[in-house]
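A.B. asks: Quick note: the working numbering has the sequence shown finishing at residue 234, numbered continuously throughout.
Submitted below is the structure of interest, expressed as structure tokens.
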Amino acid sequence: MSHWLIKSEPEVFGIADLARVRCEPWSGVRNYQARNFMWKDMQPGELALFYHSNAKPPGIVGVARVAGPPRPDPTQFDPAGEYFDAKAKASAPRWWLVDFEYVATLPRMLTLTELKADPTLAAMAVCQRGSRLSINPVSASHFARVCQLGGWDGAGSQAAPPPLVPTPHGPL
């Protein structure tokens, strides 16, 4: 089982939004490497650290779970939408998404500065200069350390989630 880090700007869609809606399609990702992580690597049930980017301060604020298998991102087909891709066809989609469900808000946010200062976390992709991907794999040891520092014990996080129906709240 893999672990992930997903980034979102809190004023666009933050952990509080995910807590409110419970499950959300991670739409609007337009980077091939991030797309491939969702399309080819993510599996239902895997956990992701939720990172608030472009915030003051940026940092890890919660945990989400991959709620289902990858599927075509419908925003690529909407000519009026911000994420429209004229080269995408329903028979040959270019962009994929997974749904994420809310698991927890960390009792304590871990800022990027704190992540970089911890020698056990300094190798995380989010800590590397120039790392701009919105989705990154995270090692099991890094995931456990972040949860420990954030004050979350993960109670119940591996239990089978109740069936949730994703709600379309627009692109992220």
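Cβ atoms here follow ideal geometry from the backbone N, Cα and C, with glycine treated the same way.
Quick one: is F75 buried, meaning 16 or more other Cβ sit within 10 Å of its Cβ, or exposed?
C.D. replies: buried
A.B. asks: Between the Cα of A81 and those of Y94, T167, Q190, R207, spot the shortest distance and give me the residue it belongs to.
C.D. replies: T167
A.B. asks: Would you say the stretch 95-107 touches the stretch 154-165, given that touching needs at least three Cβ pairs under 8 Å?
C.D. replies: yes
A.B. asks: Express the C-alpha separation of D215 and G90 in angstroms, rounding to a whole number.
C.D. replies: 31 Å
A.B. asks: Quick one: what's got a C-beta closer than 6 Å to F205's C-beta in the same chain, skipping five residues either side?
C.D. replies: H65
A.B. asks: Output the distance between the C-alpha atoms of A96 and A202, rounded to the nearest integer angstrom.
C.D. replies: 19 Å
A.B. asks: Flag this pair as yes or no: are the beta carbons of S196 and I68 separated by less than 8 Å?
C.D. replies: yes
A.B. asks: Can you grab the Cα-Cα spacing for the pair P120 / H114, in whole Å?
C.D. replies: 5 Å
A.B. asks: Short check: CB of V125 to CB of L109, under 8 Å?
C.D. replies: yes
A.B. asks: Quick one: what's Y164 bridged to in DSSP?
C.D. replies: A126
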